[in-house]
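This report concerns only the one structure given below.
Number of protein chains: 2
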Amino acid sequence: MEFEEKVKKVEHVFDGKIIDLDIETVELPNGKEAKREIIRHQGAVAIIAITDENKMVFIKQWRAPLGQVTLEVPAGKIEPGEDPNVTAVRELNEETRFEADKLEFINTFYTSPGFADEKMYMYHAVNLKPVKDELPQDSDEFLELVELSLPEVEQAIAEGLICDSKTLIAVMYWKLMQ
Amino acid sequence: MEFEEKVKKVEHVFDGKIIDLDIETVELPNGKEAKREIIRHQGAVAIIAITDENKMVFIKQWRAPLGQVTLEVPAGKIEPGEDPNVTAVRELNEETRFEADKLEFINTFYTSPGFADEKMYMYHAVNLKPVKDELPQDSDEFLELVELSLPEVEQAIAEGLICDSKTLIAVMYWKLMQ
Chain A
1 MEFEEKVKKV EHVFDGKIID LDIETVELPN GKEAKREIIR HQGAVAIIAI TDENKMVFIK
61 QWRAPLGQVT LEVPAGKIEP GEDPNVTAVR ELNEETRFEA DKLEFINTFY TSPGFADEKM
121 YMYHAVNLKP VKDELPQDSD EFLELVELSL PEVEQAIAEG LICDSKTLIA VMYWKLMQ
Chain B
1001 MEFEEKVKKV EHVFDGKIID LDIETVELPN GKEAKREIIR HQGAVAIIAI TDENKMVFIK
1061 QWRAPLGQVT LEVPAGKIEP GEDPNVTAVR ELNEETRFEA DKLEFINTFY TSPGFADEKM
1121 YMYHAVNLKP VKDELPQDSD EFLELVELSL PEVEQAIAEG LICDSKTLIA VMYWKLMQ
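The listed protein sequences correspond, in order, to chains A and B. Note that the first sequence ends on residue 178 in our numbering; no numbers are left out. Note that the second sequence ends on residue 1178 in our numbering; no numbers are left out.
As structure tokens, this is what we get:
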């Protein structure tokens, strides 16, 4: 079966700080046309960080789209043209004040391929230690560091505090490592 | 620490078929204001379906935002006001022509909580069998059913065909069930 949709026209609807929105007119495999709503995003990194006490490191923060506080693994947007490894080192420092002997690349995935191109690069921070030089934090980010054992993680999932896809993937990866 | 951001103003920027876009002006915990770009989505279901031959069921389809073919678990949007269980039964029928003795609810998660409120409801379809009555498929969806063993799944991940968050969560759930 032929699957490819050929892009005939792109309309830029919105240019934002985090996301842009395009409407694409595409030709379907049967020759008909359809509209596709596409969110463009620079991509992001997410970091699995386990302390010497075998606790996973989470960031507690407010999420405006959900209207609630969440616990998520350290993460952040990739700057245009930036190597994701560099983003990961920076975000780990900014959000957790940890650095690692090594940031092992695990995998990439798309968070919501039906309507967005956001690509997530996941790393495992090996051998955490406090940073020597603290990088400045974003002025509109209010974050709190939380370290949880695996039973505490399961509890936070049950309570709906751990509730996003990248963090569930990180937790399941940790469980599969045990 | 106080985390809540109070919504002061909502600007509707775009109303689409799949997504809407709002710009919210929020008051931060320190009293300052910030803008939040928020994608509104009705939510979706995703289904872990394992055949009697211990193969996982995937849908092969074109994803316009990524410009590539992917293999994803059966999934689909929830209609306004619809019970996610009903969505799951319908999507399993439409996309795979299977029905299940039981659709066990597993969990929910947000695919990309930094900029979207899309909530995913995940189910496990227990005891698959061919449907008696086939529901009509969407005219602009070109789908192919693919059944893969766990080693074939690992290969598809390595090749970048299995590359989205809900499908990775489904695969890891399957591995943790083994």
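Ideal placement from N, C-alpha and C gives every residue a C-beta, glycine not left out. Remember, it's a predicted structure, so these values are computed and weren't measured experimentally.
Of all residues in the segment 1076 to 1104 of chain B, none comes within less than 7 Å of chain A when Cβ atoms are compared. With three or more CB-CB distances shorter than 8 Å, the segment 35 to 52 of chain A counts as touching the segment 87 to 103 of chain A.
Pairing residue 1070/B with residue 1005/B, the inter-Cα distance amounts to about 37 Å. Residue 119/A has 110/A as its beta-bridge partners, per DSSP. If you ignore the 5 residues before and after residue 63/A, its C-beta comes within less than 7 Å of the C-beta of 70, all in its own chain and listed in chain order. Between residue 114/A and residue 1031/B, the alpha-carbon positions lie close to 36 Å from each other. Inclusion of residue 1124/B and residue 1077/B in the CB contact set at 9 Å is not warranted, their separation being larger than that value. Under the three-state reduction of DSSP, residue 84/A is assigned to helix. With contacts defined by Cβ atoms closer than 9 Å, residue 1019/B and residue 1109/B do not form a contacting pair. Looking from the CA of residue 1146/B, the closest CA among 1105/B, 1072/B, 1026/B belongs to 1072/B. Interface flag for residue 1002/B against chain A is set, since a Cβ pair is found closer than 9 Å. In chain order, 1003, 1004, 1005 make up the part of chain B whose C-beta sits under 7 Å from the C-beta of residue 62/A.
Its Cα nearest to that of residue 1152/B, the residue 1162/B stands out among 1143/B, 1162/B, 1144/B. As the crow flies, the alpha-carbon of residue 47/A is around 5 Å from that of residue 74/A. Spanning the alpha carbons of residue 85/A and residue 126/A requires a straight line of approximately 13 Å. Setting aside the 5 residues that flank it on each side, residue 1043/B is surrounded in the same chain by 1078, 1119, each with a C-beta closer than 6 Å to its C-beta; the list follows chain order.
Nearest in C-alpha terms to residue 3/A, of all of 1060/B, 1029/B, 1033/B, 1021/B, is 1060/B. Distances from the CA of residue 1065/B to each of 88/A, 26/A, 68/A were compared; the closest alpha carbon is that of 26/A.
Per DSSP, residue 153/A is one residue of the alpha helix (DSSP H) stretching across 150 to 158. Neighbours of residue 1027/B in chain A, taken as residues at a C-beta separation under 7 Å, are lacking, since the least C-beta distance is about 11 Å. Proximity of chain A to residue 1037/B at the Cβ level (cut-off 7 Å) is accounted for by 16, 17, 18, 19, in chain order. Counting the other CB atoms within 10 Å of its CB gives residue 165/A a total of 16 or more, which places it among the buried residues. Residue 66/A sits in coil when the DSSP states are folded into three classes, being neither helix nor strand. Among the residues facing chain A, residue 1041/B is included, as its CB has a counterpart in that chain under 9 Å away. Residue 1106/B holds the alpha-carbon nearest to the alpha-carbon of residue 1174/B among 1039/B, 1106/B, 1131/B. In this structure, DSSP gives residue 45/A an extended state, which the three-state scheme calls strand.
When only Cα atoms are considered, residue 128/A and residue 1055/B end up about 39 Å apart. For residue 1165/B, at least one C-beta of chain A is nearer than 9 Å to its own C-beta.
Annotation: residue 13/A is outside any alpha helix (DSSP H); the continuous beta strand (DSSP E) that includes it extends over 6 to 15. Near chain B, meaning a CB-to-CB distance below 9 Å, the residues of the segment 112 to 139 of chain A are 112, 113, 114, 115, 116, 117, 118, 119, 120, 139.
At a cut-off of 9 Å between beta carbons, residue 154/A makes no contact with chain B. Residue contact with chain A for residue 1065/B: present (Cβ-Cβ distance below 9 Å to some residue of chain A). Membership of residue 1167/B in the alpha helix (DSSP H) is indicated by the continuous run 1165 to 1177. In the structure shown, residue 1025/B adopts extended strand secondary structure according to DSSP, grouped into three states.
Here residue 94/A has 135, 137 as same chain residues with Cβ atoms under 6 Å from its own Cβ, once five neighbours each way along the sequence are excluded. One thing to note: residue 1149/B has its Cβ no nearer than 9 Å to the Cβ of residue 116/A.
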